[in-house]
Amino acid sequence: MAFLEYAPAPESASILNLKAQYGLYIDGEFVDGGGEVFDTISPATEQVIARIAQADAHDVDRAVAAARRAYETVWSRMSGSDRGKYLFRIARLVQERARELAVAESLDNGKPIRETRDVDVPLVAAWFFYYAGWADKLEYAGLGPNPRALGVAAQVIPWNFPLLMLAWKIAPALAAGNTVVIKPAETTSLTAMLFAEILQQADLPAGVVNIVTGPGSTGQALVSHDDVNKVAFTGSTNVGRMIARQVAGTQKKLTLELGGKAANIVFDDAPMDQAIEGIVNGIFFNQGHVCCAGSRLLVQETVHDEVVERLKERLSTLRLGDPLDKNTDIGAINSAAQLERIRTLSDTGENEGAERWTADCRIPEKGFWFAPTIFTRVSAAHSIAREEIFGPVLSVLTFRTPAEAIAKANNTPYGLSAGIWTEKGSRMLALVDQLRAGVVWANTFNRFDPSSPFGGYKESGYGREGGRHGLAAYLEASGWDAPAGLGSASAPAALVTAPAAGASGAAGAKAAGKPAKKSTRKGAAK
Amino acid sequence: MTITQPAGLAPAERAVRLLGADLTETALRRHLEGLSGVDAVGLEQRAAGLATRSIKTSSKAWALDTIIRTCDLTTLEGADTPGKVRSLVAKAVTPDASDPTTPSVAAVCVYGDMVPYAVEALGSRHGDPEKGLVSVAAVATAFPSGRASLAVKLADTRDAVAAGADEIDMVIDRGAFLSGNYGLVFDQIVAVKEACRRADGSSAHLKVILETGELQTYDNVRRASWLSILAGADFIKTSTGKVSPAATLPVTLLMLEVIRDWHRLTGEKVGMKPAGGIRASKDAVRYLVTVAETVGEEWLTPHLWRFGASSLVNDVLLQRQKMRTGHYSGPDYVTVD
Chain A
2 MAFLEYAPAP ESASILNLKA QYGLYIDGEF VDGGGEVFDT ISPATEQVIA RIAQADAHDV
62 DRAVAAARRA YETVWSRMSG SDRGKYLFRI ARLVQERARE LAVAESLDNG KPIRETRDVD
122 VPLVAAWFFY YAGWADKLEY AGLGPNPRAL GVAAQVIPWN FPLLMLAWKI APALAAGNTV
182 VIKPAETTSL TAMLFAEILQ QADLPAGVVN IVTGPGSTGQ ALVSHDDVNK VAFTGSTNVG
242 RMIARQVAGT QKKLTLELGG KAANIVFDDA PMDQAIEGIV NGIFFNQGHV CCAGSRLLVQ
302 ETVHDEVVER LKERLSTLRL GDPLDKNTDI GAINSAAQLE RIRTLSDTGE NEGAERWTAD
362 CRIPEKGFWF APTIFTRVSA AHSIAREEIF GPVLSVLTFR TPAEAIAKAN NTPYGLSAGI
422 WTEKGSRMLA LVDQLRAGVV WANTFNRFDP SSPFGGYKES GYGREGGRHG LAAYLEASGW
482 DAPAGLGSAS APAALVTAPA AGASGAAGAK AAGKPAKKST RKGAAK
Chain B
185 MTITQPAGLA PAERAVRLLG ADLTETALRR HLEGLSGVDA VGLEQRAAGL ATRSIKTSSK
245 AWALDTIIRT CDLTTLEGAD TPGKVRSLVA KAVTPDASDP TTPSVAAVCV YGDMVPYAVE
305 ALGSRHGDPE KGLVSVAAVA TAFPSGRASL AVKLADTRDA VAAGADEIDM VIDRGAFLSG
365 NYGLVFDQIV AVKEACRRAD GSSAHLKVIL ETGELQTYDN VRRASWLSIL AGADFIKTST
425 GKVSPAATLP VTLLMLEVIR DWHRLTGEKV GMKPAGGIRA SKDAVRYLVT VAETVGEEWL
485 TPHLWRFGAS SLVNDVLLQR QKMRTGHYSG PDYVTVD
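If you read the protein sequences in the order shown, they are chains A and B.
If you number the first sequence the way my numbering does, the last residue is 527 and the count never jumps.
If you number the second sequence the way my numbering does, the last residue is 521 and the count never jumps.
Listed below in structure tokens is the structure:
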């Protein structure tokens with residue numbers, strides 16, 4: 002028996018207590034959707050896990066109205082420290098149900114349980130803990146005294162980190178005093194539904210968080226809804242562009258976290274063993290379904306052959322297979338459509354003259370799988386060096402001098418992240434200054450922390466998530482200096498909006514910065 | 185600045201092959217200082233990642249037996265007596281009398297003056313652990329501090345080899361290493377290696393202890409590992425067990441990476457022995473995973489991999505009993521030594 006073929010060590014899915022069908026989560030309750038119910042499948046087996054309701058425009062209306070009501074009547078009037086208590090409670094419940102969430106995420110998304118258990122879910126809890134602490138300290142968020150919440154936030158999140166992206170969006174929004182309508186990705190709604198159960202457990206006031214499930218059209222209805230004050234989107238650059246067009250000319254504040262084509266720059270004096278690990282972690286973490294993945298490896302020519310050889314050796318030890326097995330390193334590709342895209346782009350790479358190498362691993366019969374792949378002899382003009390593949394595919398390019406490394410690293414329409422591997426601290430700092438990327442990792446890659454802002458340059462989007470900067474996406478300066486003791490985000494907001502909110506109590510009545518015409522029309526529609 | 189003639193080093197075969205015929209301290213230093221650096225955070229992250237492997241059922245059974253088969257059962261106390269060594273040997277040969285399928289350990293590891301008693305107690309069971317027999321390993325060279333003249337260290341070594349030791353666990357001169365005197369460390373290893381030679385031309389296997397707890401930095405550990413291999417080490421070993429921290433997973437991973445690099449460069453296989461502080465089966469299994477995923481599972485044989493431990497075997501026996509019977513027994517169901 003070969004020891005390295007570790008015996009199966011599957012995490013049991015019996016911990017899950019899933020319903021056969023999940024409704025929309027609106028105003029604190031699960032309700033049916035107006036659209037056609039759809040299946041959510043496990044990408045590793047193609048088996049149906051549960052059925053998910055689809056929200057139509059009317060459901061989105063209801064969700065936004067519930068969020069508006071909760072904002073006007075409860076959440077904006079609550080003290081920061083009380084909002085913080087709810088967030089702390091959610092964080093603790095996430096920890097308590099961590100194993101369950103990890104299994105569900107792995108089942109629904111296809112990513113290995115090792116990652117959901119050790120990365121996704123702990124970070125989700127960390128995000129809520131972190132922003133819980135901010136809820137009563139918003140005057141230190143960098144926007145001057147008594148910053149104001151925006152109102153109702155419409156949030157649309159991707160399928161690569163379903164629960165973590167939900168936490169990235171919801172935690173700062175609630176801490177800052179906003180209410181939320183969020184739409185998970187069509188293929189990965191399951192953990193959002195479990196999260197809704199957690200919100201019920203936490204006794205979060207009804208309507209503060211609403212979850213609408215469905216395809217892109219649901220998301221479109223949500224972001225274009227007249228009564229949202231803020232739109233936050235994470236996903237592809239194309240959809241991001243569409244949203245930006247839609248939101249242009251309205252009062253909605255917008256943050257976009259879009260694609261990336263990060264350069265991971267390896268100098269010849271790098272700590273080589275750790276660099277190899279970092280390259281692997283940079284592109285093969287989460288099957289490469291990471292917007293900040295280090296998909297372009299820039300290696301100094303002097304060490305190119307060594308790096309590629311070691312990389313191939315290391316990739317040969319990666320274990321692809323059942324995402325629920327605790328020893329799996331590479332899980333399933335999230336959907337057939339994504340697999341098709343990865344295949345197409347990889348074939349293009351081959352046709353354009355790059356040299357393809359694929360790790361020799363057994364591919365399960367059912368499900369969507371793509372073995373770790375490296376392209377060498379890639380030039381900057383190749384499409385695999387320019388387009389985001391969003392899969393376990395690494396393009397290797399070379400450089401000769403630091404100047405060339407910087408030029409090549411920056412030569413992309415994106416600018417989300419970058420990595421530097423060198424033992425020389427001065428070089429590291431000099432490079433960080435010149436790389437146009439929102440996050441630059443030095444001698445590490447794909448490390449996240451709630452206190453560290455994350456976001457892009459250029460076509461990778463705008464706005465920052467995480468840290469103090471992440472709060473700015475959900476607050477606006479009030480310029481109003483409250484007497485000591487009144488310093489919470491909610492108090493001044495409530496004061497300013499009091500006339501309108503008090504007048505009707507109906508949805509769509511946030512006076513501040515809202516054209517009167519729209520409010521009226523909205524009110525009439527109700 | 186004056187130019188001094190570089191001092192020549194003992195012509196260790198491996199070093200000559202790599203660094204050239206007129207081997208000098210300068211060349212050695214340049215080579216060691218040219219090694220790739222180690223990023224501590226990354227190294228520890230990788231070790232922590234390997235430690236999350238989940239080893240169950242048949243893999244676990246194989247791992248537990250492999251831990252016993254590759255264990256150097258150790259007693260290194262001032263209070264050691266022939267009686268203590270004899271009972272250690274009995275335990276080494278038959279770790280679990282209640283289960284005859286239990287393999288013997290690889291070796292007993294004792295002080296030099298205890299070697300004759302170990303050899304005598306082993307009798308016909310003395311021999312190559314690859315053949316199910318038990319070797320005798322002796323610590324030498326003024327273990328554990330290594331603070332003695334070279335003459336004393338060599339006499340210590342020859343003494344143990346003459347008494348029948350199959351393996352010598354030497355310590356490097358950490359003082360010399362930390363003061364940058366790599367040539368001295370190198371020459372001493374070469375001399376001890378020479379002292380391991382028996383009259384019939386065969387040689388006791390040489391394990392070189394780096395005492396990583398005193399070297400402190402990972403960069404030092406990488407250099408010392410490389411230096412020891414260049415000087416002819418058959419095995420590199422983390423610690424004496426007398427200094428804390430002794431063996432850790434990141435240090436072991438790092439030393440295995442050096443062994444892997446040496447193998448890649450020359451095709452030669454050097455052995456690895458973490459020693460000290462590994463008490464639980466669960467920890468030991470993590471070491472096996474690290475070996476298998478760093479240098480390959482062909483290293484998991486007594487000729488290339490050892491655990492230096494005293495209490496580990498009993499915990500493994502308890503786990504073995506659990507796998508056989510389905511329930512845990514207790515410390516009274518395994519022998520104290």
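The C-beta atom is built at its ideal place from N, Cα and C for all residues, glycine as well.
- If you ignore the 5 residues before and after B/L484, its C-beta comes within less than 8 Å of the C-beta of T250, T254, L472, V475, A476, all in its own chain and listed in chain order.
- Against chain A, the beta carbon of B/T236 has neighbours under 8 Å at R115, D119, K327, listed in chain order.
- When 8 Å is used as the limit between beta carbons, A/F4 is near these residues of chain B: S243, W246, A247, T250, L472, A476, E481, L484, in chain order.
- Listed along the chain, the chain A residues whose CB falls inside 9 Å of the CB of B/L227 are P272, D274, Q275, E278.
- With the rule of 3 Cβ pairs closer than 8 Å, the stretch 311-320 of chain A counts as touching the stretch 357-376 of chain A.
- Here the stretch 411-424 of chain A makes no contact with the stretch 390-397 of chain A; the two share fewer than three CB pairs at distances below 8 Å.
- Around the beta carbon of B/T258, 16 or more other beta carbons lie within 10 angstroms, which makes this residue buried.
- Residues of chain B with a Cβ closer than 8 Å to the Cβ of A/N444 are, in chain order, D223, V225, G226.
- When C-alpha distances from A/E310 are compared across A/I280, A/A177, A/C293, the shortest belongs to A/I280.
- Neighbours of B/I239 in chain A, taken as residues at a C-beta separation under 9 Å, are given in chain order as F4, Y7, A8, A10, N328.
- By the Cβ criterion, the stretch 184-202 of chain A is in contact with the stretch 104-115 of chain A, since at least three pairs of Cβ atoms, one from each stretch, lie closer than 8 Å.
- At a C-beta separation below 7 Å, A/E424 has these neighbours in chain B: G221.
- The alpha-carbon separation between A/I53 and A/G36 amounts to approximately 10 Å.
- Taking a Cβ-Cβ cut-off of 7 Å, the neighbours of B/E441 in chain A comprise D274, given in sequence order.
- Sequence-distant Cβ neighbours of A/A68 in its own chain, meaning closer than 7 Å and more than five residues away, are V153, T180, V181, V182, G208, N211.
- In the DSSP annotation of this structure, the continuous segment of the alpha helix (DSSP H) that includes A/A337 starts and ends at 337-352.
- With 16 or more other Cβ atoms from the protein chains shown falling within 10 Å of its own Cβ, A/G81 counts as buried.
- The beta carbon of B/R230 falls within 9 Å of a beta carbon belonging to chain A, placing the residue at that interface.
- Nearest Cα to A/E466 within the set A/D119, A/L205, A/Q156: A/Q156.
- When the alpha-carbon of B/D312 is set against those of B/Y295, B/A291, B/A302, B/A431, the nearest one is in B/A291.
- A/T318 belongs to the set of residues whose beta carbon lies under 9 Å from a beta carbon in chain B.
- With its beta carbon at least 9 Å from every one in chain A, B/L334 lies outside the interface.
- Proximity of B/L438 to chain A, defined by a Cβ-Cβ separation below 9 Å, is satisfied.
- Pairing A/V291 with A/N161, the inter-Cα distance amounts to about 7 Å.
- The closest CA to that of B/A191, considering only B/L212, B/R198, B/R201, is found on B/L212.
- Here A/A103 carries a helix assignment [DSSP, helix/strand/coil].
- Per DSSP, A/W135 is one residue of the alpha helix (DSSP H) stretching across 122-135.
- By the CB criterion at 9 Å, A/S237 and A/P159 fall inside the cutoff.
- The stretch 376-386 of chain A makes contact with the stretch 347-361 of chain A, as at least three CB pairs between them are under 8 Å.
- By the beta-carbon neighbour count (other beta carbons within 10 angstroms, threshold 16), A/N18 is exposed.
- If you look at A/V157, you'll find it in the beta strand (DSSP E) that goes 153-157.
- Judged by DSSP secondary structure, B/Y471 falls within the alpha helix (DSSP H) whose first and last residues are 465-478.
- DSSP lists no bridge partner for B/L216.
- Straight across, the Cα-Cα distance linking B/L248 with B/H511 is about 16 Å.
- Distance from the CA atom of A/S336 to the CA atom of A/T219, rounded to whole angstroms, is 19 Å.
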